[in-house]
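Per this note's numbering, the sequence shown starts with residue 188, numbered consecutively.
The beta carbon of each residue, even a glycine, is placed where N, CA and C say it ideally should be.
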Amino acid sequence: MGPLTDIELVERANTTLYETIERGDHEALSELWLEGQVSVVHPGWPVLRGRGEVLRSYALIMANTEYIQFFLTDVEIDVIGDTALVTCTENILSGGPAEEDGSVGPLIGQLVVATNVFRRTEEGWRVWSHHGSPV
């Protein structure tokens with residue numbers, strides 16, 4: 188098997204982004220984002236700009252989400268030079284605070300269409316922007 192194509196590398200970076208959120212690993216998540224000017228739009232949130240604001244938003248989500256799982260469908264990837272565009276549907280299953288017995292609270296399903304923009308760096312593909320809109 189030869190070296191991975193840009194499409195395969197971007198697909199791997201995109202999958203890693205969602206897996207990191209599922210694990211609630213904020214430190215690993217911060218390594219996936221570019222330094223400098225980045226942006227994020229979570230469903231129902233305003234545009235957040237700058238690395239600090241973006242990472243703070245994920246810290247809030249992780250702190251208030253007991254369980255989250257993403258099933259990605261309709262994934263399309265385009266690479267032009269050092270920029271990659273990923274569009275997909277996030278089929279999200281999430282749970283609220285744990286019950287007294289320690290089990291996850293009620294699970295809620297949600298559909299979000301997402302656009303993730305990646306930039307190629309010396310370290311690999313890094314997230315430049317994420318935009319999610321509810322469907």
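- Gly292 and Ile279 do not touch by the CB rule: their CB atoms are close to 15 Å apart, not below 8 Å.
- Excluding its 5 nearest sequence neighbours in each direction, Ser320 has C-beta neighbours in its own chain below 7 Å: Pro230, Val299 and Val300, listed in chain order.
- A residue is called buried when at least 16 other Cβ atoms come within 10 angstroms of its Cβ; Glu277 meets this threshold and is buried.
- Residues of the same chain with a CB within less than 7 Å of the CB of Ala250, apart from the 5 flanking positions on each side, do not exist.
- Going by C-alpha positions, Leu191 is about 22 Å away from Thr302.
- DSSP assignment within the segment 236-293 yields the following whole beta strand (DSSP E) runs of 3 residues or more, N-terminal first: 254-267 and 270-282.
- When only Cα atoms are considered, Glu263 and Gly282 end up about 28 Å apart.
- Taking 9 Å as the cut-off, the beta carbon of Val304 is found no closer than this to the beta carbon of Glu198.
- Under the DSSP definition of a beta bridge, Ile295 partners with Ser281.
- For Asp193, same chain residues with a beta-carbon under 6 Å away, outside a window of 5 residues either side, are Val266 in chain order.
- Note that the C-beta distance between Ile255 and Glu209 is below 9 Å.
- Distance between Glu240 and Arg307, taken at the CA atoms: about 22 Å.
- The Cβ atoms of Thr202 and Leu259 sit closer than 9 Å to each other.
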